[in-house]
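Before any comments, here is the structure.
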Amino acid sequence: MNAEFLEALKDLEKEKGIAVDVLLEAIEAALLSAYKRNFGSLQNARIHIDRETGDFKVYTQRTVVGQVEDPRLEISLEEAQAINPSYELGDIVEDEVTPRNFGRIAAQTAKQVVVQRIREAERNIIFEEFVNREGDIVTGVVQRFEQKNVLIELGKTEAILAPSEQMPGEEYRFGDRIKVYIIEVRKTTKGPQILVSRTHPGLLKRLFELEVPELHEGVVELKAITREAGARSKIAVYSKDENVDPVGACVGPRGMRVQNIVNELNGEKIDIIKWNPDSSKFVASSLSPAKVVAVEIWDEEKVARVIVPDYQLSLAIGKEGQNARLAAKLTGWKIDIKSESQMEEIYQQEYDDVSDLNDEGDVNEEGDVNDLGDVYEGME
Numbered sequence: 002m003n004a005e006f007l008e009a010l011k012d013l014e015k016e017k018g019i020a021v022d023v024l025l026e027a028i029e030a031a032l033l034s035a036y037k038r039n040f041g042s043l044q045n046a047r048i049h050i051d052r053e054t055g056d057f058k059v060y061t062q063r064t065v066v067g068q069v070e071d072p073r074l075e076i077s078l079e080e081a082q083a084i085n086p087s088y089e090l091g092d093i094v095e096d097e098v099t100p101r102n103f104g105r106i107a108a109q110t111a112k113q114v115v116v117q118r119i120r121e122a123e124r125n126i127i128f129e130e131f132v133n134r135e136g137d138i139v140t141g142v143v144q145r146f147e148q149k150n151v152l153i154e155l156g157k158t159e160a161i162l163a164p165s166e167q168m169p170g171e172e173y174r175f176g177d178r179i180k181v182y183i184i185e186v187r188k189t190t191k192g193p194q195i196l197v198s199r200t201h202p203g204l205l206k207r208l209f210e211l212e213v214p215e216l217h218e219g220v221v222e223l224k225a226i227t228r229e230a231g232a233r234s235k236i237a238v239y240s241k242d243e244n245v246d247p248v249g250a251c252v253g254p255r256g257m258r259v260q261n262i263v264n265e266l267n268g269e270k271i272d273i274i275k276w277n278p279d280s281s282k283f284v285a286s287s288l289s290p291a292k293v294v295a296v297e298i299w300d301e302e303k304v305a306r307v308i309v310p311d312y313q314l315s316l317a318i319g320k321e322g323q324n325a326r327l328a329a330k331l332t333g334w335k336i337d338i339k340s341e342s343q344m345e346e347i348y349q350q351e352y353d354d355v356s357d358l359n360d361e362g363d364v365n366e367e368g369d370v371n372d373l374g375d376v377y378e379g380m381e
């Protein structure tokens, strides 16, 4: 080793961000292992690399004792003071024992250590870069397939799109550029493992933040989001500025903003709903595109009964109950959907029950049950 070697390490420090001292300490530790392996593992030894010249030396270390039991590890006080009168019991005496043919071993060991540390440093840099981006969206290129996993290239590393995180019916081809959501970054012995998703609701949220400046600026707030990936999603938005329509901002001019997101998600339908602090109005809006006649709320049970026109019942429930299911997840309320004719039957039955009780004299007659407008407040 020489000064040129030190200059090479300094260049690595600038290029890879690995401190020269860290590399030298690692090389010294590796050289010590190589020395013990080749020249005697029972000795206490120390390797020192000169930070100015790059020269290295091997020193054995012996402890000053009153009575020597192992001359390889200990030295008597008399012998130590013969070397230097200042030595006392417990001090360490060092002797240079650099082997003549140790240079070749040292060079080979140094190369291995430097290569290993460079690899570790690059892995740490990648890990630090992506661990801070958990919950963020990135664009990658489909690189290869391992069993059912899709490996996506993200610059100097790859991310794993597991089968459970792939959108139903979506095909991935080599070279495709896709946006994915980083759900977790793990540190492993083989480097960082980045797990990404195409089904996470966070992907939809980040896509809207990219497309809608008002969301990014904080003027419009995304209050709630629920998603059945590949089929349908619902988001509830709210504007802090009365002059800004939150739904219109998300839809964009001629629907371009939301259409770009729909295209990215391969045609997934997206319902954009205006969030309302009034629970009944929010529940009514959540069933969009169905029109709601009235809503009755039971706050303690978090249950809402929603009344819709007969011809809107199937639309409100949705295919296989999807629309109602998403609305319930979006609002956090258990939603019971009834048509107007179903409610008329319920009211009629309640009226008949009351009449029967009145005939028996169990309750006082205090009026009749009229139509829906007398029971529920109409939804505007």
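For the sequence shown, the residue numbers in the numbering used here are 2 to 381.
In this text, a Cβ means the ideal position worked out from N, Cα and C, and glycines have one as well.
These figures come from a predicted structure and were not determined experimentally.
Contacts around residue i, its chain only, beta-carbon distance under 7 angstroms, and the 5 residues preceding and following it disregarded
i      : result
Val309 : Ala291, Lys292, Val293, Val294, Ala317, Ile338 and Ser340
Ala4   : Thr54 and Gly55
Ile84  : Val94
Asn277 : Phe283 and Ser286
Glu8   : none
Glu210 : Leu216 and His217
Glu16  : none
Gln313 : Ala291 and Lys292
Phe40  : Pro100
Arg255 : none
Contacts around residue i, its chain only, beta-carbon distance under 6 angstroms, and the 5 residues preceding and following it disregarded
i      : result
Val132 : Val186
Ile138 : Lys180, Tyr182 and Arg207
Trp334 : Val284, Lys303 and Ala305
Asp92  : Val65
Thr61  : Gln44, Ala46, Asp96 and Val98
Glu378 : Because the pLDDT of Glu378 is 42, which lies under 50, any placement of that residue in the model is unreliable, and the number read from its coordinates should be weighed accordingly. Result list for Glu378: empty, nothing under 6 angstroms.
Among the options, the one whose alpha carbon lies nearest that of residue i
i      : options                           : result
Arg145 : Thr158, Ile138, Val139 and Glu135 : Thr158
Ile347 : Ser315, Glu212, Arg306 and Leu288 : Arg306
Ala35  : Val142, Glu26, Thr110 and Ile127  : Thr110
Leu327 : Glu8, Ala163 and Ser289           : Ser289
Ala30  : Ala107, Glu70 and Ile76           : Ala107
Lys275 : Arg255, Pro247, Glu297 and Gly256 : Pro247
Arg105 : Glu70, Phe57 and Pro86            : Phe57
Glu215 : Leu196, Gly203 and Val245         : Val245
Gln148 : Ala160, Pro164 and Lys112         : Pro164
Glu75  : Gln44, Leu155, Arg101 and Thr190  : Gln44
Leu266 : Arg199, Val69 and Tyr173          : Arg199
Asn173 : Lys191, Thr190 and Ile153         : According to the sequence as given, residue 173 is Tyr; it is not Asn. The option with the nearest alpha carbon to Tyr173 is Ile153.
Lys224 : Ser315, Leu32 and Leu331          : Leu331
Arg63  : Gln349, Leu32, Asp96 and Glu301   : Asp96
Leu24  : Arg52, Phe40 and Asn39            : Arg52
Val197 : Ser342, Ser315 and Val151         : Val151
His201 : Asp22, Thr189 and Met168          : Met168
Ile50  : Gly268, Asp22 and Lys191          : Asp22
Ala237 : Ala329, Leu32, Ser342 and Phe40   : Ala329
Asp300 : Gly322, Ile336 and Asp311         : Ile336
Arg124 : Lys191, Ser342 and Gly219         : Lys191
Glu345 : Gly256, Ser315, Gln260 and Asp311 : Asp311
Ile126 : Lys270, Lys188 and Tyr239         : Lys188
Glu171 : Val69, Glu269 and Val296          : Glu269
Spatial neighbours of residue i in its chain, beta-carbon cut-off 8 angstroms, leaving aside the 5 residues before and after
i      : result
Leu90  : Val65, Val66, Gly67 and Leu78
Tyr88  : Val65, Leu78, Ala81, Gln82 and Val94
Phe6   : Gly55 and Ala111
Val213 : Val221, Ala250, Cys251, Gly253 and Arg258
Glu135 : Ile183, Ile184, Glu185 and Val186
Lys37  : Gln44 and Ala46
Leu155 : Phe131, Val139, Gly141 and Ile195
Lys19  : The displayed chain sequence assigns Ile, not Lys, to residue 19. Correct list, in chain order: Leu13, Arg118, Ile119 and Ala122.
Gly374 : With a pLDDT of only 44 at Gly374, under the threshold of 50, the placement of this residue in the model should not be trusted; the figure read from the coordinates follows. The answer is none, since no qualifying residue turns up.
Gly219 : Lys241
Rounded distance between the beta-carbons of residue j and residue i, thought under 8 angstroms
i      : j      : result
Thr99  : Val59  : 4 angstroms
Leu13  : Ile119 : 7 angstroms
Pro193 : Phe128 : 4 angstroms
Lys235 : Asp272 : 5 angstroms
Ile298 : Ser280 : 6 angstroms
Val114 : Ile28  : 5 angstroms
Arg233 : Gln323 : 6 angstroms
9 angstroms Cβ cutoff, residue i in contact with chain B
i      : result
Glu135 : The structure shown contains no chain B, having only a single protein chain.
Do the segment 221-228 and the segment 193-208 make contact, defined as three or more Cβ pairs closer than 8 angstroms? In short, these stretches touch, since the Cβ pair count reaches three.
Could I get the ranges of all uninterrupted beta strand (DSSP E) runs contained in the segment 39-76, with 3 residues as the minimum, in chain order? 46-50 and 57-66
At 3 residues or longer, what runs of the beta strand (DSSP E) sit wholly inside the segment 302-332? 304-309
Just list the beta strand (DSSP E) runs in the segment 191-254, keeping only unbroken ones of 3 residues or longer that don't cross its boundaries, in chain order. 192-198, 221-229 and 233-240
Restricting to runs no shorter than 3 residues, where is the beta strand (DSSP E) found entirely within the segment 124-178? Annotation: the segment 124-178 contains the following complete segments of the beta strand (DSSP E) (minimum length 3 residues), in chain order: 138-147, 150-155 and 158-162.
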